[in-house]
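Sequence lines, in order, name chains A and B. Be aware that the first sequence starts at 547, since it is given in the working numbering, and climbs by one per residue. Be aware that the second sequence starts at 2, since it is given in the working numbering, and climbs by one per residue. Ideal Cβ positions, reconstructed from N, Cα and C, are used throughout, including at glycine. A quick write-up on the structure given underneath.
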Amino acid sequence: MKKLFSRKEARQLAAVALVSGIALIYGIWTFAVVPMRRAARDRCAKYTDLAGKNLKAQEAVSAIPDHEAALAAMNADLDRIVRDYAIRPVLGSSYQLGLRQRLDPLAQKAAFTLQSLTVQNPEPLPRRRPEAPLSLCTADIRGLGSYEQIRDFIAYIESDNPYIHVAGLTINTHPSDPKRHRVALRLECVSAPAEPPRL
Amino acid sequence: MNLRVNLIFEHERRDCRVVTFRFIAGLGGSLAALALATILGGALVSARRQAASVETEQWAWDRVQETYAQSKALSARRRQAETFFADLQVWSEARREWHETLSALAAAVPGTLQLTEIRLTRTTVIPPAPVPKVRRPGEKKPPPPPPPPPPHLATDLQLTGRTSSPTANADVACLRDAFASHPLSNGVSSAVIPPGAFRQDPSPRAAPADRIFEIVCTYEQKTL
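Rendered as structure tokens:
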């Protein structure tokens, strides 16, 4: 038999149902919707982060051919400098002989008498970069020549090699030969080991 | 006198209004349930979609990560190589063409003067690194010291000579002044006769008119 409620009981039931409904909605909101929203926010942040990283990575990856081409060009430049201008150790040990091979023809061309040549141990070039593929040799030269011969010798050196600096020069009169002067010349030259490292 | 007789029970009463309270309650409850279900369903669908997107991006990241590291290493190598070449270029461009100076000097020296020594010195000056500020107890961390200034090349040319010309003063001054005009002036910041450098030749065989002189030229510094 269908239970019949009085008007008052029906209203009480409705009030209880309303309160229960509100409590249910609140519970669902607090324990389901809010955590879901939080998780969604976290996922969104992770997605944004990953998408940003991926975009950056894609750009970086697409620049690889450009980097490789630039490095290849610079290595070719370095090879040219090493081949054409750098002082190399002869038979793997002596930078002095390497420089002598370059200077002797120039001295001969200028009729300059090259008496002695000493080369100090190379230092990194540029300074404070020990990993640099090139180094700097300092060479002390002593010789004899007239003013013109000295000037020509220096001119030949400077036009032969843009990577040689005249770092010191002393020209003194020769006591017994007024036409020839004593010369002390200090050169700074780019040098490279027998197997120069790649860039 | 009126008499009102109620022949039905309380629960047998029926509401005669078109929209009853029960109807509104039922409709409201249904709508609330529908809204809740829609929100929850939408959130679930959105969460699944987001999770799939995150998974796709993660997969892409896992795939590209190694190549990205290679690219970064390559980029660092390129930067290092470019810095090296830039430094080498600066060093190469800091060179002075001394044969040109020697040629110009030969033309500029008056015939009455005899140079006995030409001395060119070029030194690389490496300025000291700035000392970091000492931190006292309770003080804030001081800012890092600025990077050390770059090294530079300092160049001097010293000419020593003798003369017995009656116009020695003017001739030596003329040679000094030649460093203020082209072509000897190229890169020269000053040319001076140091105090006491123009004087009587002190050697025992010197005649009373013999003079010795010295001219010091300082060139502009070149930063490396």
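Within the region 63 to 79 of chain B, the residues whose Cβ lies closer than 8 Å to some Cβ of chain A are V65, Q66, T68, Y69, Q71, S72, K73, L75, S76, R78, R79, listed in chain order. For a cut-off of 8 Å, the C-beta gap from E221 (chain B) to G188 (chain B) is around 5 Å, short enough to register as a contact. Here the C-alpha atom of P742 (chain A) lies approximately 32 Å from the C-alpha atom of F658 (chain A).
Beyond the five residues adjoining it in sequence on each side, P203 (chain B) comes within less than 8 Å, by CB distance, of I213 in the same chain, given in chain order.
Annotation: R688 (chain A) has no Cβ neighbours in chain B at a cutoff of 8 Å; minimum Cβ distance is about 15 Å. Pairing Y593 (chain A) with E58 (chain B), the inter-Cα distance amounts to about 7 Å.
If the five residues before and after I696 (chain A) are omitted, its C-beta is found closer than 7 Å to the C-beta atoms of F658, I717, H727, V729, all from its own chain and listed in chain order.
Ranked by how close their Cα comes to the Cα of D157 (chain B), the residues B:A174, B:V20, B:S190 have B:S190 in first place. If you draw a straight line from the Cα of P670 (chain A) to the Cα of L682 (chain A), it is about 6 Å long. The beta carbon of P111 (chain B) lies closer than 7 Å to those of D172, C175, L176 in the same chain, with the five residues before and after it left out. Listed in chain order, the non-local C-beta contacts of P147 (chain B) below 6 Å within the same chain comprise P131, local neighbours out to five positions each way being set aside. In the displayed model, I127 (chain B) falls within coil according to three-state DSSP, outside both helix and strand. A buried status is given to A179 (chain B), since no fewer than 16 other beta-carbon atoms sit within 10 Å of its beta-carbon.
At least one C-beta of chain A is nearer than 8 Å to the C-beta of L89 (chain B). Looking at the backbone, the Cα of R587 (chain A) and that of A77 (chain B) are separated by about 36 Å. Think of a sphere of 7 Å around the beta carbon of N600 (chain A): the chain B residues whose beta carbon falls inside it are E58, A61, W62, V65, in chain order. Of the residues assessed, D723 (chain A) falls on the exposed side of the cut-off, its CB having fewer than 16 other CB atoms within 10 angstroms.
Within the region 121 to 139 of chain B, the residues whose Cβ lies closer than 9 Å to some Cβ of chain A are L121, T122, R123, T124, T125, I127, listed in chain order.
For E605 (chain A), the three-state secondary structure derived from DSSP is helix. Taking 8 Å as the threshold, the shortest C-beta distance from L8 (chain B) to chain A does not fall below it.
The DSSP-derived three-state label of Q115 (chain B) is strand.
Counting only runs of at least 4 residues, the region 611 to 668 of chain A fully encloses the following alpha helix (DSSP H) elements, listed from N- to C-terminal order: 641 to 656. Per DSSP, reduced to three states, the secondary structure at Y220 (chain B) is strand.
Under the three-state reduction of DSSP, L8 (chain B) is assigned to coil, being neither helix nor strand. With its beta carbon at least 8 Å from every one in chain A, H153 (chain B) lies outside the interface. The closest CA to that of R744 (chain A), considering only B:L75, B:F199, B:T224, B:T124, is found on B:L75. Counted as a single uninterrupted DSSP element, the beta strand (DSSP E) harbouring V193 (chain B) occupies residues 189 to 193. Across the structure, L596 (chain A) and K73 (chain B) are spaced so that their CA atoms are roughly 18 Å apart.
The DSSP-derived three-state label of F199 (chain B) is coil. H183 (chain B) has a beta carbon lying at 8 Å or more from every beta carbon in chain A. Just so you know, the alpha carbons of A606 (chain A) and V91 (chain B) end up roughly 30 Å apart.
DSSP places E98 (chain B) outside both helix and strand once states are collapsed to three, so it counts as coil. For the C-beta of R18 (chain B), not a single chain A residue is nearer than 9 Å; the gap to the nearest is close to 14 Å. In chain order, L158, F180, V189, A192 place their CB closer than 6 Å to the CB of C218 (chain B), counting only its own chain and leaving out the 5 sequence neighbours on each side. Leaving aside the five residues that flank F199 (chain B) on each side, the residues in its chain whose CB is nearer than 7 Å to its CB run, in chain order, V173, R212, F214.
When DSSP reads this structure, A730 (chain A) sits in a beta bridge with A:R688, A:T716.
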